[in-house]
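The structure under discussion appears below in the form of structure tokens.
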Amino acid sequence: MRITCPFCGERELGEFTYLGDAKPVRPAADAGEDAVYDYVYLRDNIAGVMSENWYHGGGCRAWLKVTRNTLTHEISAVEPAAGAGAAKVGA
Amino acid sequence: MMAAAQTHRLTSGGLVDRSAPLSFRFDGQTFSGFKGDTLASALVANGVKLVGRSFKYHRPRGILTAGSEEPNALVELRSGARREPNTKATTAELYEGLEAASQNRWPSLNFDVMSVNQLFAPIFVAGFYYKTFMWPAKFWEAIYEPAIRRAAGLGRAAVASDPDLYDKAWAHCDVVIAGSGPAGLAAALAAGRSGARVILCEEDFVPGGRLLADGGTIDGLPAAEWLARTLAELASLPDVRIMTRTTLFGVYDGGTYGAIERVNDHLPSPPEHEVRQRLWRIVAKRCVVAAGALERPIVFAGNDTPGVMMASAMRSYIGRYAATPAKRIALFTNNEDGWRTVETALGAGLQVAAVIDARAEISPAHRSLASKSGFPVLHGSVSSVDGGKAGVRTLSVSLTGGSRAEVEADGLAVSGGWNPTVGLTSYHRGRPKWRDDIAAFVPDGAPPGMVAAGAANGAFGLGACLREGFEAGAAAARDAGRSGSAGSMPVADDEAYSLTPLWHVAGKGKAFVDQQHDVTASDIELAQREGFESVEHLKRYTTLGMATDQGKTSNVAGLAIMAAVAGRSIPETGTTIYRPPYVPVAIGAFAGHHRDENFHATRLTPSHHWAAEQGAIFVDTGLWKRAQWYPRAGEKDWLESVTREVKAVRSGVGFCDVSTLGKIDVHGPDAGAFLDRVYINTFSNLAVGKARYGLMLREDGFVYDDGTTSRLAEDHYFLTTTTAKAGLVMQHLEFCRQVLFPELDVQLTSVSDQWAQFSIAGPKTRDLLKEIVDPAEDLSNEGFPFMGVREVSLRGGIKARLFRISFSGEMAFEISVPARHGEALVRNLMIAGAPFGVTPYGTETLGVMRIEKGHVAGPELSGTTTAADLGLGKMMSTKKDFIGRVMAGREALVAANRQVVVGIKPTDRARRLRSGAHIIPKGLTPGPDNDQGYITSVCFSPTLDQWIGLALVERGRERIGEIVHAHDPLRGEDYDVELCNPVFYDPDGGRQRG
Ligand SMILES: [Zn+2]
């Protein structure tokens, strides 16, 4: 598999580390235990297109949001996480 | 020994070099062949028909094919550590001195004791593994399995370690092409002329594919001339690379292809420093599969008799290698193409005994060829072959209409039609589709970017192969963004290919479908009767297609027979899933250079070379090699050395390389706020010039990592991690920074390799440091208090960082200098420290002192402990949010009966402790119900002169003084220990503050 890093270009799978579902959002400090429990443990296991967190540890160290079809491994989009890259994004 | 004459070699023709004779040995007998031969063609040229014994029944077997689809002619090639079993004689290039041995026979190929298996054939039917050996179960390991392995082994692997080198490499191109037959060459021409970067992989050692054996006319030229002209043109194109001896074996996501290049397998051994094989990962925008087609057998009784050969293979041996597999051949065909073998045989002056053609109609041209050449054409099928290890003698023919005939021949060419090579196009779970007109599966789509052309796509005519290949090559180049002109397309006529499907001829005797696994037509019929109706079940129950040839010659015939028994069509029956690799690939090639000491990278500490000079013993910790202890002359074991090192530190001064700790610079106005969110304790209020111990949790509330973090400036922190988690913590912090908290203005930089860091510990630490550090620096308790951090100048002017932190419990500093100065620093520490008896110490002493001091480390930070379990619960801030805060508050994580860190001492002072032992309350039976924890870390404490340890024990801190039982079933040890304060040494910390 090959992932096109927005900072480094098309690179080989071995440079990246997979984390998982990019959808869950870390709850606010006062959200309560149930919300945090859901965030920590509940994950969708999608047979199809899902957005995932990948880390380009063998390259620019950016965390990327990769839209991937888990059935075909087709990657339709790669975006940097909001705080990735050398310049501040969305600060 | 004189080589036997090449009795079956034609005096002219073929692509062998008669000026380059090669001598080789097969089963101890010396033969000769020529450069350009395979082992198989050289054996054919020497009249050798019997080359092996079959898997289950030990039946005599000959050479069936002339390519990588070969099921029978498998040999052990080479000897000693290079001995490789199951090597196909049909693809092994001949070289001077080649040594090969037949497999699966004892004591000799001609007299094989195990051929009595044929008498017990009934027990080897489909599913025999499951049926025969089910009961009694205990017989399996003791009797059945060893017996089966002895009887049914295919070749012997070398026992010694592989002496050869392997390589892995990447290649990038626009178009990769599998196969260099007419379709592949035409594709390469079109793509190359268009300006595309092309890699053409050919598994044979010469390009040309079927052109090499079958000839033909292209662009008005004889095939050989066209081939030479085409190769010259391709060689003139700057970005076309032809890789022979290279098989494209698999396709992976994103246009990545696997190929294995047999760099030096055509030599007795690779030249010095050269690799044997190279694994290629080829990244290509487009792929043209021009891998051709495989001729398929017809299944009939005795079809495995030596001398029965695929018709196209016979053409290859005669046409390409000028070697004659028989003197008087018969042809059994169900299609037009098989007749080409007759033409080739006649052209080589061989006798044709008869053609047995299963079709109703035979072309007038072939009919007149038969009458002109004086051989009969029999309408019907070969129902059995009579012969033995000496080869084919007589064929029984069932004639259309019911009568029978016999044909005398010493070789039988068989053509059941052609199967496109659909492997590569189907490796992404593609299912090929059935085409009735050619009675074969053809690709139905392909992985993205891939297209099949020519025979691999079911287009068997020479003209069609050129056309499809050319068009596919031109389109691939265009798709890859190359806009040059593809020029003119090579042109040839299309041969007729009329076929009447025929898979299996009923008859008496064993009729083999899968010759490598000895699966017969009746095995398939039996499996079907027993209810194994799915092809995937059939495959596993009968083992059809599961041998090293992956059923290249047998799968479709097996499906057809199964379909016939079930009364279904072949497409209804379907195919099994195709999986790479297309040919067996040595594990060594996948490993490449990553073996032995190069299995992974090795990281050396800045003091490594110096430590090696001292005779240090090193231990692997992750990728690092760390000095474990420094033995001195006369010390009898590690314990004696470590005990000396500990005493030297506690009474004087010692140092240890701690550069392996992960080091991260945290910069930015929000650096403090960021650290507050990733650590359980607060760092934003840490004063500049101070260090603090920090603990990180995972989001699920368990402890992740710990370390000391210092504030070097208002907006600059220096964070350390454990050695083991250095990379992971960096990744985690980047995740926090980029994904969770993008609003914080903070940057992280890994500086692990930039700093050499040493811990200097012991009451004489200041005395030593004063010799190293600029005399103007104030190192007194007032000038440099505990947990202070400061940049200092060393004598000579180099800047260093000093951290007054202690892991040993002694008065200690950590000093760090740019990594390039690390070795010089250590040498200077030795010189300056000589008057104080400075003692270098390793990780063992580091561990002993941290256990004496009750510090937790890897065994306690096990991923299942909370901060409170480690005795660090009070560090958890209640005034801020941080990673893991909420989950750490879950009921089970704060339960009163959790196992917590506590010290242990054996009640018998002389007793040695071992980690891993279970803690059981006194008087209760050891077992899961009474298990209250386990010993995590132990050491011999020179300070206390006894073994001590840390343990995780239920309510441990409330039970100080209690005697509990340590139960160690692994080592068979049982003893009592006393629970105690984990801080064994200097519990009020006066020494480190002094
Ligand atoms: Zn990148």
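Protein sequences, first through last, are from chains P and C. Once you know that position 50 of the first sequence is 356 in the numbering used here, the rest is easy, because the numbers rise by one and skip nothing. Once you know that position 977 of the second sequence is 987 in the numbering used here, the rest is easy, because the numbers rise by one and skip nothing. Beta carbons are placed, not taken as given, at the ideal position from N, Cα and C, and that holds for glycine.
Output yes if chain C places a C-beta closer than 8 Å to the C-beta of residue 372 (chain P); else output no.
no
Cβ of residue 693 (chain C) versus every heavy atom of ligand 1: is any distance shorter than 7 Å?
At a cut-off of 7 Å, the beta-carbon of residue 693 (chain C) does not count as near ligand 1: no heavy atom of the ligand is closer than that.
Give the single residue among C:590, C:390, C:176, C:964 whose Cα lies nearest to the Cα of residue 281 (chain C).
C:176
I need the DSSP call for residue 311 (chain P), collapsed to helix, strand or coil.
strand
Going along the chain, which unbroken runs of the beta strand (DSSP E) with 3 or more residues stay wholly within the segment 330–382 of chain P?
355–361, 369–375
For the pair the segment 419–431 of chain C and the segment 332–351 of chain C, tell me if three or more CB-CB distances fall below 8 Å.
yes
Residue 702 (chain C) - DSSP class collapsed to helix/strand/coil
In the displayed model, residue 702 (chain C) falls within a strand according to three-state DSSP.
Just how far apart, CA to CA, sit residue 603 (chain C) and residue 994 (chain C)?
48 Å
Could you tell me which of C:806, C:807, C:768, C:811 sits nearest to residue 789 (chain C), measuring between CA atoms?
C:811
Contact between the segment 606–624 of chain C and the segment 456–471 of chain C is defined here as three or more beta-carbon pairs at a separation below 8 Å; is this criterion met?
no
Just reading off the beta strand (DSSP E) that residue 909 (chain C) is part of, what are its end residues?
909–916
Amino acids of chain P, ordered along the chain, whose beta-carbon sits closer than 8 Å to that of residue 266 (chain C)
307, 308, 318
Would a check of beta-carbon distances place residue 389 (chain P) closer than 8 Å to chain C?
yes
Look up residue 620 (chain C) in the DSSP assignment and say whether it is helix, strand or coil.
helix
Name the chain P residues whose beta carbon is nearer than 8 Å to that of residue 891 (chain C)?
The answer, in chain order, is 335.
Close-in-space but distant-in-sequence residues of the same chain around residue 395 (chain P) (CB under 6 Å, 5 per side omitted):
Any reading at residue 395 (chain P) must be qualified, since the residue scores a pLDDT of 42, below 50, and its modelled position is unreliable; the value itself is stated next. Contacts found: 388.
Between the segment 730–745 of chain C and the segment 579–591 of chain C, do at least 3 Cβ pairs fall closer than 8 Å?
With a cut-off of 8 Å, the segment 579–591 of chain C and the segment 730–745 of chain C do not count as touching, because too few Cβ pairs lie within range.
Using a C-beta cutoff of 8 Å, does residue 383 (chain P) count as contacting chain C?
With 8 Å as the cut-off, residue 383 (chain P) does not count as an interface residue toward chain C.
Contact check, residue 430 (chain C) vs residue 303 (chain C), beta carbons under 8 Å
yes
Is it the case that the segment 314–333 of chain C contacts the segment 219–227 of chain C, given that we only count it when at least three CB pairs across the two stretches are under 8 Å?
yes
Residue of C:786, C:796, C:900, C:817 minimising C-alpha distance to residue 802 (chain C)
C:786
In the segment 342–359 of chain P, which residues sit with their C-beta less than 9 Å from some C-beta in chain C, listed in chain order?
342, 343, 345, 346, 347, 359
Counting only the same chain and skipping the five closest in sequence on each side, list residues whose C-beta sits under 7 Å from that of residue 226 (chain C).
So the list reads 233, 472, 502, once near-sequence residues are dropped.
Mapping the DSSP letters down to three states, classify residue 775 (chain C) as helix, strand or coil.
Looking at residue 775 (chain C) - three-state DSSP - the assignment turns out to be helix.
Chain P within 8 Å of residue 11 (chain C), Cβ atoms only
Its pLDDT being 45, under 50, residue 11 (chain C) is placed unreliably by the model, and the measurement read from it follows with that caveat. With 8 Å as the cut-off, residue 11 (chain C) does not count as an interface residue toward chain P.
Quick check: is any heavy atom of ligand 1 less than 7 Å from the C-beta of residue 183 (chain C)?
no
Name the residue from C:392, C:880, C:30 whose alpha carbon lies nearest to the alpha carbon of residue 963 (chain C).
Among C:392, C:880, C:30, the Cα nearest to that of residue 963 (chain C) is on C:880.
Any heavy atom of ligand 1 closer than 7 Å to the Cβ of residue 303 (chain C)?
no
The segment 487–498 of chain C in contact with the segment 528–537 of chain C per 3-pair CB rule at 8 Å
no
Who are the neighbours of residue 339 (chain P) on chain C, taking C-beta pairs under 9 Å?
896, 897, 899, 900
What would DSSP say about residue 792 (chain C), mapped onto helix, strand or coil?
coil
Hey, residue 270 (chain C) and residue 599 (chain C): beta-carbon distance below 8 Å or not?
yes
Which residues end up in the neighbourhood of ligand 1 when you take C-beta atoms closer than 7 Å to any of its heavy atoms?
Chain-ordered list of matching residues: P:311, P:313, P:314, P:317, P:362, P:365, P:366, P:368.
Of all the alpha helix (DSSP H) runs that stay within the bounds of the segment 16–92 of chain C, which reach a length of 4 or more residues?
49–55
Through-space distance from residue 354 (chain C) to residue 580 (chain C), alpha-carbon basis
33 Å
Residue nearest to residue 518 (chain C) in terms of C-alpha spacing, selected from C:856, C:395, C:96:
C:395
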